[in-house]
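Undergrad: Would you mind keeping the following structure in view while I ask a few things?
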Amino acid sequence: MAIISAAICDKQGKIYLARQFDQITKHNLEENIRTFPKLISPQQQHTFVENEYVRYVYMPIDNMYIVLVTTKNSNIIEHQETIRLIYKVITELCPLGINEETINENVFDIILAFDDIISFGYRESISLQQVGNAIEMESSEEKIHLMLMQARMNEAKEKADKYAKEQEQFKKHGISPQTSQQHDFTSKHDILKSSQEVQQSDEIKEQQYKPTNMAPKKGMQLGKKKTAKETQKEFQKQQQQKQKEQKQQNQQNNVSELDDEENNANKPFDPLKEPVHIEQIEKFSVKLTRDGSIAQNIEVIGEVYITILDPARTKTQIALDSQPSEHMKNVKLQLHPSLNKQLWTKNKVVSLKTPDQQDFPVNTKIPTIKYKYISQDNKEMPFTFTFWFDQTVIYEIEFDEENSHFQHLENLAVRIPYTDNSSNIEIKEVENGDFEIQNGEGITWNILKLNQENPSAKIEIAFNGEQPDEEDLFPVNLYFEYPQKTFLDLKVRGVREVTKSENLKYLYTQKIQSDKFFIE
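Its first residue numbered 1, the sequence shown is counted upward by one per residue in the UniProt record's numbering.
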């Protein structure tokens, strides 16, 4: 075996794509590629380096390297020809340059090209044109799929044209189109039976040939006042019309929701992703005074969601482990009522009530667990807030490094509700972040990150002309995210598919974000 692996990496040894042609563990491959750039010296003229175990044949491409990891006793001349062909193929597939984005967009074509050029560790006798023809090879199954998709699109277009013509006929004969819209909604989702559809179409035909009642011709009458009965009838008629319109709107919304559910259910699964996603989100709410003290309790509402991406893994169970800190021991976890309470109470397992008969919906964010935590401790605050009001107005935020829950904060937004003319506002100084002034809506101060390296942020505002009152600058609304940790530390013990007794891979994320964070 001559070629062990073909890879694309950056100049620090980070792998963006690798194709193996011999048995090698992921760890060994990463170690080999990571040490490869360190072996290259600036004065080096040739395009290969060696260590104790393997040889690296490489070629620079933009800010990256194409690397062949080979055995030390292999034919280096042949490998140089191979890497030159790979270079030409990659530049053809990625004409805009080689970076992480273009590699991800063309990853499958690049892997197929590697397989066409290298077979069982040796170079195939193949040209650039032949590689291109192999990659562009047409698939009969793909053609059939595209034809079916086009047929469905044509069918949908015909239905839309037919519907538009019916509406035009109704308007021409002076008939309300609501009957037709109701018919279209019900037929789309197979709710009405065929007999009802026939009956409805007969009613439409009768209405089409029925002349519209015309009001008798009268001259214009000035100054005639409506009676109380006429006014009441007109009001009732308007109310009935509003109810009909509202009912029609609700039906259209239901159609949209059903379509979204169908699209999610039919969305194909990407095998490169984990089949189960578990997400723990905590929403942080508090009200502060202008001196930075807590006016109302800190309230943290947490929820755990699961999303099943693989339609073949809908009978899934998730085993959790709660490890609350001392101040979180009294927090109660509430299970969603549609889940198996007995299994949760006994083993802390999230499961459907009858998993052998029920399925989790696919591509849907499903709430499973909810909890609530309340505190009055200033140490739970992610930062301190200071407000100065004099000739200028200063808002200052300082990151609390002693807080064990927050190591850094991201995507902070401070909304100052000054709604007067924006031409009166002058931003004297912004430390850490930028700002946006929206006339009639206020000032938004955006802070990308607060951490130990950038622990503070400040904005100083001056006002031209009349000085505003302090009340005009409050309440201030704050938003932030912390995407690494939560107050309640939940651990995932494992995820398994019930019917196959199969352990599944999963992606678990935690995040704290502000919900109602006000300074009054």
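Glycine included, every Cβ here is placed at the ideal spot set by N, Cα and C.
(1) Going straight from the alpha carbon of V476 to that of E168, what length do you get?
(2) Quick one: any contact between the stretch 510-518 and the stretch 331-339, if contact means 3 or more CB pairs under 8 Å?
(3) Under the assumption that I461 contacts V393 (Cβ atoms under 8 Å), give the Cβ distance between them as a whole number of angstroms.
(4) The ligand GTP and D310: does any heavy atom of the ligand fall closer than 7 Å to the residue's C-beta?
(5) Check the C-beta distance from I117 over to I8 and give it rounded, since I have them as a contact under 8 Å.
(6) Which ranges does the beta strand (DSSP E) cover as unbroken runs of at least 3 residues, wholly within the stretch 464-494, from first to last along the chain?
(7) In the structure shown, what three-state DSSP assignment does R34 receive?
(8) Give me the Cα-Cα distance between V304 and F360, rounded to the nearest whole angstrom.
(9) Find the nearest neighbour of I20 within the set G465, F480 and A2, judged by alpha-carbon distance.
(10) Suppose you measure from the CA of L450 to the CA of I86; what does that come to, to the nearest Å?
(11) Assuming N446 is part of the beta strand (DSSP E), what are its boundary residues?
(12) Excluding sequence positions up to five away, which residues of its chain have a Cβ less than 6 Å from the Cβ of L352?
(13) Which residue from Y482, Q467, R493 and V49 puts its Cα closest to that of I281?
(14) Would E497 be called buried (16 or more neighbouring beta carbons within 10 Å of its own) or exposed?
(15) Between N297 and V286, what straight-line distance do the alpha-carbon atoms span, to the nearest angstrom?
(16) Assign P382 to one of three DSSP states: helix, strand, or coil.
(17) Apart from the five residues just before and just after E429, which ones in its own chain have a Cβ nearer than 6 Å to its Cβ?
(18) For K458 and F387, I'd like the C-alpha separation in whole angstroms.
(19) What's the call for L478, buried or exposed, on a 16-neighbour Cβ count within 10 Å?
(20) Kindly indicate which three-state DSSP category T47 falls into: helix, strand or coil?
(21) Grab me the residues of D321's own chain with a C-beta within less than 6 Å of its C-beta, minus the 5 sequence neighbours each way, in chain order.
(22) Kindly confirm or deny that the stretch 119-131 and the stretch 72-86 touch, where touching means at least three C-beta pairs closer than 8 Å.
(23) Would you kindly report the start and end of the unbroken beta strand (DSSP E) that includes I369?
(24) Can you grab the Cα-Cα spacing for the pair H327 / T345, in whole Å?
(25) State the start and end residues of the unbroken alpha helix (DSSP H) segment that holds D115.
(26) Determine the DSSP secondary structure at H145, reduced to helix, strand or coil.
(27) Check whether the Cβ atoms of S412 and F399 lie closer than 8 Å to each other.
(28) Given a threshold of 16 other Cβ atoms within 10 Å of its Cβ, counted over all protein chains shown, does M149 qualify as buried or as exposed?
TA: Checking against the coordinates, here is how it stands:
(1) 53 Å
(2) no
(3) 5 Å
(4) As for the ligand GTP, it is missing from this structure, which has no ligand bound.
(5) The Cβ separation is near 14 Å, so there is no contact.
(6) 476-482
(7) helix
(8) 15 Å
(9) With the sequence shown as reference, residue 20 is identified as Gln, and Ile is not the correct amino acid for it. Nearest Cα to Q20 within the set G465, F480 and A2: A2.
(10) L450 and I86 have their C-alpha atoms spaced approximately 44 Å apart.
(11) Per DSSP, N446 is one residue of the beta strand (DSSP E) stretching across G442 to L450.
(12) Q358
(13) Closest by alpha carbon: Y482.
(14) buried
(15) 6 Å
(16) coil
(17) So the list reads E460, once near-sequence residues are dropped.
(18) 10 Å
(19) The residue in question, L478, is buried, as its Cβ has 16 or more Cβ neighbours within 10 Å.
(20) Looking at T47 - three-state DSSP - the assignment turns out to be coil, as it is neither helix nor strand.
(21) K491 and R493
(22) yes
(23) Element bounds for I369: I366 to S375.
(24) 22 Å
(25) V107 to I117
(26) helix
(27) The question names Ser, yet the displayed sequence has Leu at residue 412. The answer is no: Cβ separation not under 8 Å.
(28) Burial call: exposed.
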